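Chemist: This is the structure I have questions about; it appears just below.
Protein chains in written order, with our numbering: chain A, 2 to 124; chain B, 29 to 577.
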């Protein structure tokens with residue numbers, strides 16, 4: 002299952018026509034302790050590069066952008082009770098939402114793990 | 029006191045895993061007194077006021093009559109006085125020392141303001157008094173309105189908004205009303221990345237979609253990107269209702285392209301909202317009206333020295349351009365041809381507008397029940413009249429000088445991300461670049477508490493990593509600034525050197541490092557007695573008849 006990354010520090014796992022989205026370990030380390038996550042409604046449409054979720058840490062509230070366009074099929078309810086999952090397991094149990102992919106060509110231009118690592122090293 | 033401090037919290041109680049030295053049996057540290065919560069010291073059987081039981085008469089509350097005791101703690105007068113005096117000694121205030129919160133303009137509140145505000149003719153008025161008995165108060169509102177218009181080069185002013193964000197909403201509603209009056213349904217408001225959080229919140233609350241404007245590498249609005257977003261098609265093809273800009277901006281920089289920004293926005297048929305939170309840096313020097321601003325709120329509790337932060341209330345009058353002034357909220361004051369200042373309300377707005385303004389007034393509604401924050405108006409006008417035009421100009425000059433002194437004196441130990449962009453305005457911005465691994469801006473701020481200073485604004489603006497925003501204001505002397513700079517320098521040097529003791533700072537405050545994460549994730553917002561804390565669900569505070577638990 003290929004995983005891609007954005008320069009806004011989201012990751013996206015692609016599995017056929019569906020995908021899972023979260024924020025990266027680098028993102029959670031920069032945000033600090035997460036205290037609240039606002040997830041998109043199931044059935045809502047998200048657009049590539051536009052706001053899809055909000056993550057709030059002790060320091061600040063930040064938008065999480067949709068890496069690609071699609072329709073939200075599931076939101077990670079576990080984050081509502083335990084937002085700390087984003088800190089402890091950002092790239093696994095702390096996923097944000099799943100969506101159906103509208104246009105696979107939007108995945109071109111996203112980074113793979115190696116490219117994202119060198120992107121973070123350059124920051 | 030029947031049961032002091034049942035929770036067992038003491039200022040000397042060490043944070044787990046840290047050593048805080050010897051402790052005392054009372055929890056007090058010399059004359060720094062530990063003070064329990066009021067629910068822990070009060071009992072339902074004590075009272076400071078001895079009222080006779082009501083005689084006869086029927087309650088008219090019907091189904092709303094209280095059925096159960098509410099268990100409010102009672103204290104004798106000396107107990108109540110001591111409780112709040114002790115708490116006040118644990119507070120930090122502008123009257124105790126420098127308050128360097130960036131973007132907040134925590135300047136000294138002159139005592140002359142307080143004297144004037146307490147004059148019976150101003151202090152003892154009621155908004156429902158007959159207008160003929162408050163002519164003096166209306167004159168004050170009108171005179172202050174005149175000064176705000178004069179200082180900003182604008183056309184009108186709405187005096188009723190109660191604070192900065194309330195003023196923003198008022199300004200955006202004026203813009204909305206002006207657009208609707210010409211049948212123009214625009215949907216978008218543009219906000220820079222470094223904006224105060226209230227800007228996008230205001231735009232969203234007023235029903236607009238918010239889009240970011242990028243900044244240039246030097247920390248100012250990217251004029252090219254803004255023009256590209258507005259498009260070249262002019263008013264007919266643009267969906268942008270307004271651009272909200274803070275000038276000077278939150279990076280502490282003056283937006284040099286402001287006039288060009290305004291011209292581009294106006295050419296697209298949109299309006300310019302300016303967040304006036306940072307007006308202190310330019311008051312008396314630059315008139316926002318000359319820069320093409322259509323609406324700007326003025327925080328009287330910042331620039332015009334009225335109390336701020338717990339001591340409020342705030343006040344956020346909004347100055348308006350000629351295009352927006354007709355849509356401002358009711359009520360407003362105006363001196364008419366009879367030479368008298370009138371208060372214009374809904375019932376006489378139309379006749380008044382026809383007689384004095386050619387029927388052009390079309391208020392969008394009200395922002396507030398009454399005239400505005402009268403107590404702040406008297407203070408702000410006192411401040412303005414006691415400084416005069418030349419004094420206000422010096423306010424801006426000294427505020428900018430002080431901020432630049434802080435910026436340039438600390439540049440060698442703290443990274444100034446926009447230090448190369450020229451002089452800063454009212455505030456100096458630093459980042460955490462250069463701190464040892466594992467030490468953060470938060471650690472530095474806590475270390476500054478140990479040194480006896482209130483920390484600066486942290487982690488804002490968001491565009492700077494580990495941001496520290498320092499606004500000294502003009503009311504600090506050079507000697508006072510030097511003390512602060514020396515303290516900040518020493519803590520910054522410890523952060524660079526990797527001093528691990530910063531991680532557990534503050535070490536000398538009444539409370540050690542508090543767990544902000546736990547407080548945000550699992551807040552306890554109501555008092556819980558020992559039974560509740562042990563697992564009974566939280567709810568309304570409940571005291572036993574015998575008193576605090």
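For each residue, glycine too, the CB sits at the ideal point set by N, CA and C. Because the structure is a prediction, the values reported are computed rather than measured.
Can you tell me where the alpha helix (DSSP H) with residue 175 of chain B in it begins and where it stops?
Modeler: 163 to 180
Chemist: Going by DSSP, name the residue or residues bridged to residue 21 of chain A.
Modeler: A/14, A/99
Chemist: The beta strand (DSSP E) that contains residue 274 of chain B, what's its start and end?
Modeler: Note, residue 274 of chain B: beta strand (DSSP E), 268 to 274.
Chemist: List the residues of chain A whose Cβ lies closer than 7 Å to the Cβ of residue 545 of chain B, in chain order.
Modeler: 34, 36, 59
Chemist: Excluding the five sequence neighbours on either side, which residues of its own chain have a C-beta within less than 6 Å of the C-beta of residue 387 of chain B, listed in chain order?
Modeler: Within the same chain, residue 387 of chain B has close Cβ partners 381.
Chemist: With a threshold of 8 Å on Cβ separation, who are the neighbours of residue 253 of chain B within its own chain once the five nearest residues in sequence on each side are excluded?
Modeler: 241, 242
Chemist: Just checking, does the segment 195 to 203 of chain B make contact with the segment 221 to 230 of chain B on the three C-beta pairs under 8 Å criterion?
Modeler: yes
Chemist: Looking at C-alpha atoms only, which residue of B/498, B/272, B/493 is the closest neighbour of residue 485 of chain B?
Modeler: B/498
Chemist: Roughly how many whole angstroms lie between the Cα atoms of residue 186 of chain B and residue 58 of chain A?
Modeler: Note on geometry: alpha-carbon atoms of residue 186 of chain B and residue 58 of chain A lie some 36 Å from one another.
Chemist: For residue 100 of chain A and residue 20 of chain A, what's the separation of their Cα atoms in angstroms?
Modeler: When rounded, the distance between both Cα atoms is 5 Å.
Chemist: Compare the beta carbon distance of residue 194 of chain B and residue 400 of chain B with 8 Å and say whether it is the shorter of the two.
Modeler: no
Chemist: Hey, out of A/102, A/110, A/124, whose CA is closest to residue 200 of chain A's CA?
Modeler: Nothing can be reported for residue 200 of chain A: it is not among the residues displayed for chain A, which extend from 2 to 124.
Chemist: Please classify residue 567 of chain B: does DSSP put it in a helix, a strand, or coil?
Modeler: Caution applies to residue 567 of chain B, whose pLDDT of 44 falls short of 50 and renders its modelled position unreliable; the value that the coordinates give is listed next. Coil, per DSSP.
Chemist: Quick check on the DSSP output: the beta strand (DSSP E) that includes residue 497 of chain B runs from which residue to which?
Modeler: For residue 497 of chain B, the enclosing beta strand (DSSP E) begins and ends at 496 to 498.
Chemist: Let me check understanding here. Comparing Cα to Cα, which of B/72, B/52, B/118, B/156 lies closest to residue 397 of chain B?
Modeler: Selected option, being the one with the closest Cα: B/156.
Chemist: Mind pulling the chain A residues with CB within less than 9 Å of residue 457 of chain B?
Modeler: Here the premise fails: no neighbours, minimum Cβ distance about 16 Å.
Chemist: Of the residues that make up the segment 74 to 106 of chain A, which ones have a beta carbon closer than 8 Å to any beta carbon in chain D?
Modeler: Looking for chain D here will not work: the only protein chains present are A and B.
Chemist: Could you pull the start and end residues of the alpha helix (DSSP H) that residue 286 of chain B belongs to?
Modeler: 286 to 295
Chemist: Anyone know if the C-beta pair for residue 579 of chain B and residue 309 of chain B falls short of 8 Å?
Modeler: Past the edges of chain B, shown from 29 to 577, lies residue 579 of chain B, and the structure says nothing about it.
Chemist: Could you please give the first and the last residue of the uninterrupted beta strand (DSSP E) stretch that includes residue 132 of chain B?
Modeler: It is not in any beta strand (DSSP E) - residue 132 of chain B carries neither H nor E in the DSSP assignment.
Chemist: Tell me where the alpha helix (DSSP H) around residue 119 of chain A begins and ends.
Modeler: 114 to 122
Chemist: Do residue 371 of chain B and residue 364 of chain B have their CB atoms nearer than 8 Å?
Modeler: no
Chemist: Let me confirm a value: residue 180 of chain B is counted as buried when at least 16 other C-beta atoms fall within 10 Å, else exposed. Which label applies?
Modeler: Buried is the call here.
Chemist: Could you say which of B/250, B/295, B/299 lies nearest to residue 283 of chain B if we only look at CA atoms?
Modeler: B/250
Chemist: According to DSSP, what are the bridge partners of residue 75 of chain A?
Modeler: Its beta-bridge partners are A/99.
Chemist: Leaving out five residues before and five after residue 74 of chain B in sequence, what residues of the same chain have Cβ atoms less than 7 Å from its Cβ?
Modeler: Cβ within range, chain order: 102, 103, 104.
Chemist: Using 8 Å as the threshold, is the C-beta distance between residue 524 of chain B and residue 441 of chain B below it?
Modeler: yes
Chemist: Give me the Cα-Cα distance between residue 526 of chain B and residue 473 of chain B, rounded to the nearest whole angstrom.
Modeler: 15 Å
Chemist: At the 8 Å Cβ level, is residue 88 of chain B part of the contact set with chain A, yes or no?
Modeler: no
Chemist: How big is the Cα-Cα spacing for residue 565 of chain B and residue 551 of chain B?
Modeler: Low local confidence applies: a pLDDT of 46 at residue 565 of chain B is under 50, so the model's placement there is unreliable, with the coordinate-based value given in what follows. Straight-line Cα distance between these residues: approximately 13 Å.
Chemist: Under 8 Å, Cβ to Cβ, is there at least one residue of chain A near residue 487 of chain B?
Modeler: yes
Chemist: Contact between the segment 422 to 440 of chain B and the segment 459 to 467 of chain B is defined here as three or more beta-carbon pairs at a separation below 8 Å; is this criterion met?
Modeler: no
Chemist: Based on DSSP bridge pairs, tell me the residues matched to residue 65 of chain A.
Modeler: Secondary-structure assignment with DSSP links residue 65 of chain A through a beta bridge to A/54.
Chemist: So is residue 8 of chain A in contact with chain B if we call contact Cβ pairs under 8 Å?
Modeler: no
Chemist: Taking 8 Å as the CB-CB limit, is residue 65 of chain B close to chain A?
Modeler: no
Chemist: Quick check for students: name the residue ranges of the beta strand (DSSP E) that lie wholly in the segment 295 to 334 of chain B, counting only runs of 3 or more.
Modeler: 299 to 303, 323 to 325
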